[in-house]
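Protein chains in written order, with the numbering used here: chain A, 9 to 515; chain B, 4 to 367. Here a beta-carbon is modelled for each residue, glycine too, at the ideal position from N, C-alpha and C. Below is one structure; the comments refer to it alone.
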């Protein structure tokens, strides 16, 4: 029997009192795609960082191709034939593809020989694996899917035999993701070993041969992918049975709550990101906006949330909304609540206690203040109530927001915004980086708000989420609405085309 | 979960840092051929050994409290106001103008008006850098330090050309009226039967400074404005989300900061000199940065750090007076304290955090 390409034996790693990895053992056979799945904070990234030499394990051994190997730093990892494709690409934007590929792997002080050698190597790699990229294109001129290929090429150029991909599809359209999987399969056929880290069950089922499940720092199970199913994996990840689909009754749309006509928005650099869109959301319905990240959804939400100026017409309950000089406070007073896309930079102040965050944005409210002073006692009492009602763990309002898990942070934000009982709820990426258990809960809360006759505008890059929550789906591409669809009359393929900017028949 | 108990963060780390600075200072004193133990004795004796020494220590500490608070308030809004020196100078001008030109019947009334004038002038001097930051994005670190030079030149002009009494050689204003004399610590403590040194300059401003500490604490941790200032300081995008105007917060935080720095003038101008002299601030504006740094931008920390720096200032003056240790060495010692408590904070913090974690794990 052949030796495993990678074998980890009893890896443990603690950060202070938090044990991120507990006695983890895993065998990855050569020429396979091995998935590692787990919720945020389960310890996947820590484990891979140990393998790539970013962290040193407290105890345990790493065996590569049957011999024990020390990996003190990433140089050693590269020397051992390990390549890593990070979730956030590490590319120099104003360098060409070729320059990025040789960066850090130059042969000598002079660039010319390296560039010549790399150009030839890239051509060979392109032929071997179907990884076609223009070597002279600048990184900021090519799409995200291409940039990811460059990352893979970088690893292959350094003669990686083992490729680790961390959440590789987060920024890709469904079609780009399919392409990526085709490349991975090709790499496997050529004998490479691939570790795919993800939290998406669908990708595990589609792409992997073996799958290992992590939960709270432990490796709880390894399965052969063809002999398991999403339900079992989800249960292993969470530790209890979970509902993967949201139960909801058909929507009963009422009056128009939000009307958007010809809205245009520019980003901080002055680039127009929303290019004249029309939308409306009715009471009692959830309008989901699908699209690949960076196609204007964020700017749309920021305008409606009072964080950014725009031009055009927006009506809330028939009343025009100021698009210039509006601010979050005025927006909230009008009955709009906002669960922002980035809870760590926007929705919460990470260094504030949970109880201070409970009033964030509503701190002028009579409920939370007495004259010029904050009513801290009221804040704390309110926090206790929300912890109880929303099952926020650990149930301690004195902890700083940063000490809660992603899911519980999001629960704090959702609790704050939904409890306002707004006419319109803006929700951006409600479950990004949120564990499955909390996703289920947050989805239920959003649907409950809809059932109470409120309007919900949802932006998500997760198609699954769009499908399970939305009563209507609008697809955004390059600042335009490409079309509207009903979830039961469309499929991922059609939406994927729209998301890639291929216009379907008129909406 | 925090890595260390709070008391370790607030008390232990500064103490260790001071200790390290003291050890290094001792080595420096040894190196120039003096006895560090004798020097320390002299410093303690000179600054804490008599009511005279205490009087000076507390006088300096009063000034440092105001300028330290000024830096701390701005810091909570993530502004680094290093213009305390200039703001305190201009605050002094405000105090001098009202005390020279308004005939006050009693010092209490004079004090209230002087505080208002000091705060107003100090805030006004901070307002321009604040506006440039808020509206144009010009960094306050650059602008406030430039405004220190402008303030010095401006004051020089005012004292030499406008406020100097006719015939006087000294670039200083006339003495203020005896009516506006602030009670010294001696005068304040006599009713209690305590005989505090008559010669020491500590005065009623100390009480004002302590009240300012309490008010700043209330402002930062109890008011809506403080909440907004802290929120903005932690995350600008978060503030934007919550409908907190960055422009408003930058302006208000800097104005409060400038006002606090300006208020230092009631100590040195109204309380001590009783006239406005050239270079009245004596670098207290800059010491305020170190005080805030060491006090972790908490009003109580600022209070303690101000007293420590008061001790260093007064002890240093004594050293220069009685030994051949040059006055510059005191600056070296102060710099070491700043270096260890500020810049090298992590050097003490990291091993200590590890130690506490190890202890906790063994305990758990």
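Taking residue 32 of chain A as reference, the option from A:423, A:40, A:22 and A:141 with the minimal CA-CA separation is A:22. Here DSSP, grouped into helix, strand and coil, assigns residue 253 of chain A to coil. Within chain B, the C-beta atoms nearer than 9 Å to that of residue 381 of chain A come from 221, 225, 226 and 227, in chain order. In this structure, DSSP gives residue 147 of chain B a helical state, which the three-state scheme calls helix.
Residue 49 of chain B is outside the set of residues whose beta carbon lies under 8 Å from a beta carbon in chain A. Under the Cβ criterion of 8 Å, residue 359 of chain A is counted among the residues facing chain B. In this structure, A:186 is the residue among A:186, A:273, A:85 and A:65 with its C-alpha nearest to the C-alpha of residue 504 of chain A. Sequence-distant Cβ neighbours of residue 258 of chain B in its own chain, meaning closer than 7 Å and more than five residues away, are 126, 129, 130 and 133.
Secondary structure at residue 316 of chain A: coil, using DSSP grouped into helix, strand and coil. Assigned with DSSP and collapsed to three states, residue 31 of chain A falls in strand.
Taken through DSSP and simplified to helix, strand or coil, residue 229 of chain A comes out as strand. The beta carbons of residue 72 of chain B and residue 216 of chain B sit closer together than 8 Å. A direct Cα-Cα distance of roughly 28 Å separates residue 413 of chain A from residue 236 of chain A. In chain order, 238, 240, 241, 243 and 244 make up the part of chain B whose C-beta sits under 8 Å from the C-beta of residue 354 of chain A. Among the residues facing chain B, residue 368 of chain A is included, as its CB has a counterpart in that chain under 8 Å away. Taking the Cα positions, residue 460 of chain A is about 22 Å away from residue 370 of chain A. Residue environment analysis places residue 232 of chain A among the exposed positions, since fewer than 16 neighbouring C-beta atoms fall within 10 angstroms of its C-beta. When 9 Å is used as the limit between beta carbons, residue 15 of chain B is near no residue of chain A, the shortest such separation being about 18 Å. Pairing residue 296 of chain B with residue 177 of chain B gives a Cβ-Cβ distance that is not under 8 Å. Look at residue 363 of chain B: its C-beta is under 8 Å from a C-beta on chain A. At a C-beta separation below 8 Å, residue 360 of chain B has these neighbours in chain A: 24 and 25. Residue-level contact by beta carbon fails for residue 222 of chain A and chain B, as no gap is shorter than 8 Å.
In this structure the segment 254–274 of chain B touches the segment 77–95 of chain B; the number of beta carbon pairs closer than 8 Å is three or more. Not flagged as an interface residue toward chain B: residue 491 of chain A, since no C-beta distance is shorter than 8 Å. Only exposed fits residue 139 of chain B, as fewer than 16 other CB atoms lie within 10 angstroms of its CB.
The Cβ-Cβ distance between residue 20 of chain A and residue 65 of chain A falls below 8 Å. Taking 9 Å as the Cβ-Cβ cut-off, the segment 405–438 of chain A approaches chain B at 407, 408 and 411, given in chain order. Within chain A, 357, 360, 364, 368 and 371 have C-beta atoms less than 9 Å from the C-beta of residue 234 of chain B, given in sequence order. For residue 335 of chain A, the nearest CB of chain B lies under 8 Å from its own CB, placing it at the interface with that chain.
By the C-beta criterion, the segment 312–331 of chain B is judged to be in contact with the segment 37–52 of chain B, since at least 3 inter-stretch pairs fall below 8 Å. Comparing alpha carbon positions, the residue from A:267, A:425 and A:372 closest to residue 344 of chain A is A:425.
By the CB criterion at 8 Å, residue 387 of chain A and residue 406 of chain A fall outside the cutoff. Distance from the CA atom of residue 356 of chain B to the CA atom of residue 62 of chain A, rounded to whole angstroms, is 21 Å.
Rounded to whole angstroms, the separation of the alpha carbons of residue 209 of chain B and residue 58 of chain B is 11 Å. Look at residue 230 of chain B: its C-beta is under 8 Å from a C-beta on chain A. Along the segment 321–350 of chain A, going in chain order, the ones with a CB nearer than 8 Å to a CB of chain B are 335, 336, 337, 338, 339, 340, 346, 348 and 350.
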